[in-house]
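If you want our numbering, it's the 1-based position in the sequence shown plus 591.
Virtual Cβ for every residue (Gly too), placed ideally from N, Cα, C.
Here is the structure we will look at.
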Amino acid sequence: MARLKSNLLIVVPPLLFAGFAMMALSALRREFPNELPSAIAGQEAPSIAASTALRADPPPTDESLRAGEVTLVNFWASWCGPCRIEHPYLTELATDGVRVVGLNYKDTPDQALAFLAELGDPYTSIGADANGRIGLDWGIYGIPETFVVSADGQILLRHPGPLSPDVIKKRIAPLLTKPEP
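Below you can see the structure in the form of C-alpha coordinates.
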(Lines of atoms letter the chains of each structure in order from A and count residues from 1; the text may use other names and numbers.)
(Lines give C-alpha, C1' and ligand atoms only; values in the text may rest on other atoms or scores of the structure.)
Protein backbone atom coordinates (compact mmCIF):
# COMPACT_ATOMS: atom_id res chain seq x y z
CA MET A 1 0.00 0.00 0.00
CA ALA A 2 2.81 2.40 0.88
CA ARG A 3 4.47 1.64 -2.45
CA LEU A 4 1.25 2.49 -4.35
CA LYS A 5 1.00 5.85 -2.56
CA SER A 6 4.66 6.54 -3.32
CA ASN A 7 4.14 5.74 -7.02
CA LEU A 8 1.06 7.96 -7.18
CA LEU A 9 2.99 10.84 -5.63
CA ILE A 10 5.61 10.47 -8.33
CA VAL A 11 3.21 10.11 -11.30
CA VAL A 12 0.28 12.43 -10.47
CA PRO A 13 2.08 15.81 -10.22
CA PRO A 14 3.74 15.54 -13.67
CA LEU A 15 0.42 14.43 -15.19
CA LEU A 16 -1.36 17.42 -13.65
CA PHE A 17 1.37 19.74 -14.87
CA ALA A 18 1.18 18.29 -18.39
CA GLY A 19 -2.61 18.78 -18.43
CA PHE A 20 -2.29 22.38 -17.29
CA ALA A 21 0.46 23.06 -19.84
CA MET A 22 -1.73 21.68 -22.66
CA MET A 23 -4.64 23.91 -21.62
CA ALA A 24 -2.39 26.97 -21.44
CA LEU A 25 -0.85 26.21 -24.83
CA SER A 26 -4.30 25.77 -26.33
CA ALA A 27 -5.37 29.18 -25.01
CA LEU A 28 -2.24 30.85 -26.37
CA ARG A 29 -2.90 29.47 -29.85
CA ARG A 30 -6.23 31.31 -30.08
CA GLU A 31 -6.08 34.43 -32.24
CA PHE A 32 -7.21 36.66 -29.36
CA PRO A 33 -6.05 34.75 -26.23
CA ASN A 34 -6.88 37.50 -23.70
CA GLU A 35 -10.47 37.87 -24.81
CA LEU A 36 -13.22 36.39 -22.67
CA PRO A 37 -16.00 34.67 -24.60
CA SER A 38 -19.30 36.51 -24.88
CA ALA A 39 -22.31 34.99 -23.16
CA ILE A 40 -24.69 36.66 -25.61
CA ALA A 41 -23.00 35.79 -28.92
CA GLY A 42 -25.55 34.07 -31.14
CA GLN A 43 -28.46 35.45 -29.14
CA GLU A 44 -30.87 38.30 -29.79
CA ALA A 45 -29.40 41.70 -28.97
CA PRO A 46 -30.48 42.92 -25.53
CA SER A 47 -32.81 45.88 -25.34
CA ILE A 48 -31.51 49.42 -25.78
CA ALA A 49 -34.94 50.95 -25.19
CA ALA A 50 -33.81 52.54 -21.91
CA SER A 51 -31.23 54.71 -23.67
CA THR A 52 -31.94 58.42 -23.61
CA ALA A 53 -31.33 61.02 -26.28
CA LEU A 54 -27.86 62.53 -26.38
CA ARG A 55 -28.27 64.60 -29.54
CA ALA A 56 -31.33 66.39 -30.90
CA ASP A 57 -32.45 63.24 -32.76
CA PRO A 58 -34.12 60.34 -30.95
CA PRO A 59 -31.99 57.58 -29.40
CA PRO A 60 -31.68 54.20 -31.13
CA THR A 61 -34.48 51.70 -30.63
CA ASP A 62 -34.66 47.94 -30.39
CA GLU A 63 -36.40 47.94 -33.77
CA SER A 64 -33.51 49.85 -35.33
CA LEU A 65 -31.23 46.93 -34.48
CA ARG A 66 -33.47 44.68 -36.57
CA ALA A 67 -33.80 47.05 -39.51
CA GLY A 68 -32.38 44.72 -42.14
CA GLU A 69 -28.71 45.68 -42.12
CA VAL A 70 -25.68 44.68 -40.09
CA THR A 71 -25.00 47.22 -37.34
CA LEU A 72 -22.07 47.96 -35.08
CA VAL A 73 -23.13 48.85 -31.54
CA ASN A 74 -20.32 50.73 -29.81
CA PHE A 75 -20.21 51.47 -26.07
CA TRP A 76 -17.97 54.49 -25.43
CA ALA A 77 -17.38 57.49 -23.13
CA SER A 78 -15.56 60.80 -23.28
CA TRP A 79 -13.44 59.86 -20.25
CA CYS A 80 -12.21 56.67 -21.95
CA GLY A 81 -8.69 56.96 -23.40
CA PRO A 82 -8.97 53.85 -25.62
CA CYS A 83 -12.23 55.30 -27.03
CA ARG A 84 -10.16 58.15 -28.46
CA ILE A 85 -7.80 55.63 -30.05
CA GLU A 86 -10.59 53.71 -31.81
CA HIS A 87 -12.65 56.76 -32.82
CA PRO A 88 -10.94 57.34 -36.20
CA TYR A 89 -11.64 53.71 -37.12
CA LEU A 90 -15.33 54.07 -36.28
CA THR A 91 -15.38 57.23 -38.39
CA GLU A 92 -13.76 55.38 -41.29
CA LEU A 93 -16.27 52.53 -41.02
CA ALA A 94 -19.17 55.01 -40.98
CA THR A 95 -17.71 56.81 -44.01
CA ASP A 96 -17.57 53.44 -45.79
CA GLY A 97 -21.31 53.04 -45.19
CA VAL A 98 -21.32 50.86 -42.08
CA ARG A 99 -24.20 51.60 -39.74
CA VAL A 100 -22.72 52.49 -36.34
CA VAL A 101 -24.93 52.95 -33.28
CA GLY A 102 -23.34 54.57 -30.24
CA LEU A 103 -24.20 54.06 -26.61
CA ASN A 104 -22.52 56.65 -24.42
CA TYR A 105 -21.68 54.85 -21.17
CA LYS A 106 -21.82 56.52 -17.72
CA ASP A 107 -20.90 59.93 -19.08
CA THR A 108 -22.27 63.45 -18.86
CA PRO A 109 -24.04 64.77 -21.95
CA ASP A 110 -21.89 67.92 -22.11
CA GLN A 111 -18.63 65.96 -22.07
CA ALA A 112 -19.93 63.38 -24.55
CA LEU A 113 -21.06 66.07 -26.99
CA ALA A 114 -17.73 67.90 -26.59
CA PHE A 115 -15.91 64.64 -27.42
CA LEU A 116 -17.97 64.27 -30.61
CA ALA A 117 -17.52 67.94 -31.52
CA GLU A 118 -13.75 67.53 -31.20
CA LEU A 119 -13.30 64.15 -32.94
CA GLY A 120 -16.36 63.91 -35.21
CA ASP A 121 -19.60 62.00 -34.91
CA PRO A 122 -19.63 58.64 -36.72
CA TYR A 123 -22.89 57.46 -35.19
CA THR A 124 -26.02 56.87 -37.25
CA SER A 125 -27.92 57.10 -34.00
CA ILE A 126 -26.75 57.54 -30.45
CA GLY A 127 -28.16 57.05 -27.00
CA ALA A 128 -26.94 57.58 -23.48
CA ASP A 129 -26.60 54.81 -20.90
CA ALA A 130 -26.13 57.15 -17.95
CA ASN A 131 -26.49 54.56 -15.18
CA GLY A 132 -24.82 51.65 -17.03
CA ARG A 133 -27.87 49.37 -16.95
CA ILE A 134 -27.87 48.74 -20.71
CA GLY A 135 -24.17 47.91 -20.56
CA LEU A 136 -24.87 45.34 -17.85
CA ASP A 137 -27.56 43.74 -20.01
CA TRP A 138 -25.09 43.54 -22.90
CA GLY A 139 -22.45 42.01 -20.63
CA ILE A 140 -19.78 44.64 -21.05
CA TYR A 141 -17.02 44.75 -18.50
CA GLY A 142 -15.13 47.78 -19.78
CA ILE A 143 -15.22 50.25 -22.59
CA PRO A 144 -14.88 50.57 -25.44
CA GLU A 145 -16.73 47.46 -26.49
CA THR A 146 -18.18 46.92 -29.92
CA PHE A 147 -20.80 44.40 -31.00
CA VAL A 148 -21.66 43.32 -34.52
CA VAL A 149 -25.41 42.80 -34.75
CA SER A 150 -26.92 40.93 -37.71
CA ALA A 151 -29.65 42.37 -39.91
CA ASP A 152 -32.24 40.49 -37.84
CA GLY A 153 -30.87 41.56 -34.45
CA GLN A 154 -28.62 38.65 -33.47
CA ILE A 155 -25.25 39.25 -31.80
CA LEU A 156 -22.60 38.01 -34.22
CA LEU A 157 -19.52 39.24 -32.38
CA ARG A 158 -18.41 41.08 -29.28
CA HIS A 159 -15.08 42.84 -29.35
CA PRO A 160 -13.79 44.21 -26.04
CA GLY A 161 -11.28 47.02 -26.25
CA PRO A 162 -10.51 49.52 -28.96
CA LEU A 163 -10.96 48.66 -32.60
CA SER A 164 -7.81 48.58 -34.72
CA PRO A 165 -7.15 48.01 -38.42
CA ASP A 166 -6.19 44.40 -37.66
CA VAL A 167 -9.37 43.71 -35.65
CA ILE A 168 -11.52 45.35 -38.33
CA LYS A 169 -9.86 43.37 -41.13
CA LYS A 170 -9.89 39.99 -39.39
CA ARG A 171 -13.03 40.09 -37.28
CA ILE A 172 -15.41 42.91 -38.22
CA ALA A 173 -15.15 43.18 -42.03
CA PRO A 174 -15.98 39.52 -42.75
CA LEU A 175 -19.27 39.97 -40.86
CA LEU A 176 -20.15 43.13 -42.80
CA THR A 177 -19.94 41.61 -46.25
CA LYS A 178 -23.21 40.54 -47.77
CA PRO A 179 -23.28 37.07 -49.32
CA GLU A 180 -24.03 36.91 -53.04
CA PRO A 181 -27.64 35.86 -53.81
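Is it a yes or a no for the stretch 638 to 647 touching the stretch 693 to 701, going by three-plus beta-carbon pairs under 8 Å?
A contact exists between the stretch 638 to 647 and the stretch 693 to 701.
Within its chain, find whatever has a CB closer than 8 Å to the CB of Ala644; leave out the 5 residues flanking it on each side and keep chain order.
These residues qualify, in order along the chain: Pro650, Gly718 and Ala719.
At which residues does the beta strand (DSSP E) containing Tyr696 begin and terminate?
Counting along the chain, the beta strand (DSSP E) containing Tyr696 begins and ends at Arg690 to Tyr696.
Let me make sure I understand the geometry here. Which of Asn722, Leu767 and Ser755 has the alpha-carbon closest to that of Pro735?
Here the closest residue by C-alpha is Ser755.
Given a cut-off of 8 Å on the beta-carbon distance, is the pair Gly752 and Glu635 in contact?
Going by beta carbons, Gly752 and Glu635 fall outside the 8 Å limit.
Quick one: residues in its chain with C-beta nearer than 8 Å to the C-beta of Ala632, no 5 flanking neighbours on either side, listed in chain order?
Same-chain partners within the cutoff: Ile746, Leu747, Leu748 and Arg749.
So, for Leu766: in the same chain, excluding its five sequence neighbours on each side, which residues have a beta-carbon less than 7 Å away from its beta-carbon?
Val661, Val739, Leu747 and Leu748.
So, using beta-carbon positions, are Asp648 and Ala668 closer together than 8 Å?
By the CB criterion at 8 Å, Asp648 and Ala668 fall outside the cutoff.
Going along the chain, which residues of its own chain have a beta-carbon closer than 6 Å to the beta-carbon of Arg690, five neighbours each way excluded?
Once the five neighbours on either side are set aside, the close Cβ partners of Arg690 are Glu660, Thr662 and Thr715.
Check each candidate in Leu704, Thr686, Leu656 and Gly672 and name the one with the smallest Cα separation from Arg646.
Closest by alpha carbon: Leu704.
Classification of Gly688 by the beta-carbon crowding that lies within 10 angstroms, buried from 16 upward
Gly688 comes out exposed.
Residue closest to Thr737, alpha-carbon to alpha-carbon, out of Ser655, Tyr680 and Glu709:
When the alpha-carbon of Thr737 is set against those of Ser655, Tyr680 and Glu709, the nearest one is in Tyr680.
Would you report the Cα separation of Leu707 and Ala685, rounded to the nearest angstrom?
Going by the C-alpha atoms only, they are around 14 Å apart.
Skipping 5 residues on each side, what residues in its chain have a beta carbon closer than 6 Å to that of Gln702?
Cβ neighbours of Gln702 beyond the five flanking positions: Ser669.
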